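**Student:** Under the working numbering, think of the first position of the sequence shown as 213, with each following residue one higher. C-beta: ideal position from N, C-alpha, C; glycine also. Note that the structure is predicted; figures quoted are calculated from it, not measured. Mind looking over this structure? Questions follow.
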Amino acid sequence: MSFSPVPSYLLGGVFLAFGLLPFFSAEKDYEAFGLPLEQENETKDSPKSDQNAALLQNQKQITKGSVSPLAYARGIRDATYGLTYILLQAQGQEVALTTFTAIVSITAVADALIVAQFGGESRRGKIWGHLVTGIMLGGWAWWRL
Numbered sequence: 213m214s215f216s217p218v219p220s221y222l223l224g225g226v227f228l229a230f231g232l233l234p235f236f237s238a239e240k241d242y243e244a245f246g247l248p249l250e251q252e253n254e255t256k257d258s259p260k261s262d263q264n265a266a267l268l269q270n271q272k273q274i275t276k277g278s279v280s281p282l283a284y285a286r287g288i289r290d291a292t293y294g295l296t297y298i299l300l301q302a303q304g305q306e307v308a309l310t311t312f313t314a315i316v317s318i319t320a321v322a323d324a325l326i327v328a329q330f331g332g333e334s335r336r337g338k339i340w341g342h343l344v345t346g347i348m349l350g351g352w353a354w355w356r357l
């Protein structure tokens, strides 16, 4: 059975956009995904002077968090998902596209579990975005069988 190529190309474009986000604004990517920025590690070195201690304390107050390199890995993951959707559709690989969609639906549910575990109370709403995405992708894959 042949399906419309439009959904595959749209999904590919959306995944590509989400994949590029960390490279333009990693902080916004964290918020869009539903995770807080990484916490800065406390330094265990004792300051050599009172002036250094004050400077270190000021730096800790200013720094709210940092971006983990894993944000870029997730961006690459999403970008490659996007390219996979586009290229499988362009090659007419209907069965492979359906299988890939089923696998990506599992990833979306796993992302929801990650946000549930580490996102904090203020980001609980992001869980639903990942779950709905997983359910919709899984349903679309099932319908394509």
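Would you mind listing the alpha helix (DSSP H) stretches within the segment 284–332 that are 4+ residues and don't spill past its ends, in chain order?
**Tutor:** 306–330, all fully within the segment 284–332.
**Student:** For I339, I'd like the list of residues in its chain whose CB is within less than 8 Å of its CB, leaving aside the five on either flank, ordered along the chain.
**Tutor:** Your numbering for residue 339 matches position 127 in the sequence shown. G246, A324, V327, A328, G331.
**Student:** Going by DSSP in three states, E252 sits in which element: helix, strand or coil?
**Tutor:** Your numbering for residue 252 matches position 40 in the sequence shown. Since pLDDT at E252 reaches only 46, below the 50 mark, its modelled position is unreliable, and the value read off the structure follows with that caveat. DSSP places E252 in coil when its eight states are reduced to three.
**Student:** Mapping DSSP to helix, strand and coil, what is S220?
**Tutor:** What you label residue 220 is simply residue 8 of the sequence shown in a count that begins at 1. In this structure, S220 counts as helix in the three-state DSSP scheme.
**Student:** Near E254, which residues of its chain fall below 7 Å by C-beta distance, leaving aside the five closest residues on each side in sequence?
**Tutor:** As a first step, residue 254 is located in the sequence shown; it is residue number 42 there, counting from the start. Below a pLDDT of 50, predicted positions are generally treated as unreliable, and E254, at 42, falls in that range; no measurement from the model is reported.
**Student:** CA-CA distance, L357 and S214?
**Tutor:** As a first step, residue 357 must be located in the sequence shown, where it is residue number 145. As a first step, residue 214 must be located in the sequence shown, where it is residue number 2. Roughly 11 Å between the two C-alpha positions.
**Student:** Under three-state DSSP, which class holds H342?
**Tutor:** Sequence index remark: in the sequence shown, residue 342 carries index 130 (1-based). Correct three-state label for H342: helix.
**Student:** DSSP state of G231, grouped into three classes?
**Tutor:** Locating residue 231 in the sequence shown gives position 19, counting from the first residue. Helix.
**Student:** Nearest to I315 by CA position, among Q305, A302, S334, Y293, is which residue?
**Tutor:** Mapped onto the sequence shown, residue 315 falls at position 103. Of the listed residues, the one whose Cα sits closest to I315 is Y293.
**Student:** Quick check on this structure: which residue in F236, G225, S278, L223 has the alpha carbon closest to the alpha carbon of P248?
**Tutor:** As a first step, residue 248 is located in the sequence shown; it is residue number 36 there, counting from the start. Checked all of F236, G225, S278, L223; the closest Cα to P248 is S278.
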